[in-house]
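For reference, each letter of the sequence shown is one residue, going 0 to 120 in numbering that gives the first Met the number 0. Before any comments, here is the structure.
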Amino acid sequence: MIGSLALFGFLIGLMVGRLLEPDALRLERVEAAPQGLTLWFNAEPAVRAAQVAGAYVLRFESQGRERRGQLDLHGKPVNWRLTRDQRVLRLRFVAARPLRGEWRSEALDGRWRLVVSLEQE
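In structure tokens:
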């Protein structure tokens, strides 16, 4: 009897915990911007940026699907690719010349907008 009550209490606790758990961070949309990309998330992402061998790379723990595309930066093509490695999304920008970039995020209409701006070195 006590064992079944303990099991019942445990299961109720799991259900309540699932109801109160916040939504997982999710990348909802990617849009081309004049000198970079705009990414829309359902919550604030933790972003890590790096420059690796002339490429500009952003990493964030988020759910989302893989994508790729090409931007026009001052008449020169810039390829971008969003890849997923388990829970981490990696956004990589590559061009013929080394890139440097910066990002900023802001809350807008209950979502988070991450704007990535690029420049050639």
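Quick reminder that beta carbons are idealized off the backbone N, C-alpha and C, glycines included.
Residues that residue i bridges to, as DSSP identifies them
i      : result
Arg58  : Arg47, Arg89
Glu120 : Partner(s): none; Glu120 has no beta bridge.
Ser3   : In the DSSP output, where bridge partners are listed per residue, Ser3 has none listed.
Residue i and residue j closer than 8 Å at C-beta
i      : j      : result
Phe40  : Trp111 : yes
Gly126 : Leu26  : Missing from the structure shown is residue 126; the chain here goes from 0 to 120 and no further.
Leu36  : Ser61  : no
Leu81  : Glu65  : yes
Leu57  : Leu117 : no
Gln69  : Arg96  : no
Val115 : Trp102 : yes
Arg99  : Tyr55  : yes
Ala45  : Asp22  : no
Boundaries (first-last residue) of the beta strand (DSSP E) holding residue i
i     : result
Pro97 : Note, Pro97: premise wrong, no beta strand (DSSP E); not H, not E.
Would the segment 69-83 and the segment 10-25 be scored as touching if the rule is three or more Cβ pairs under 8 Å? Counting Cβ pairs under 8 Å, fewer than three are found: no touch.
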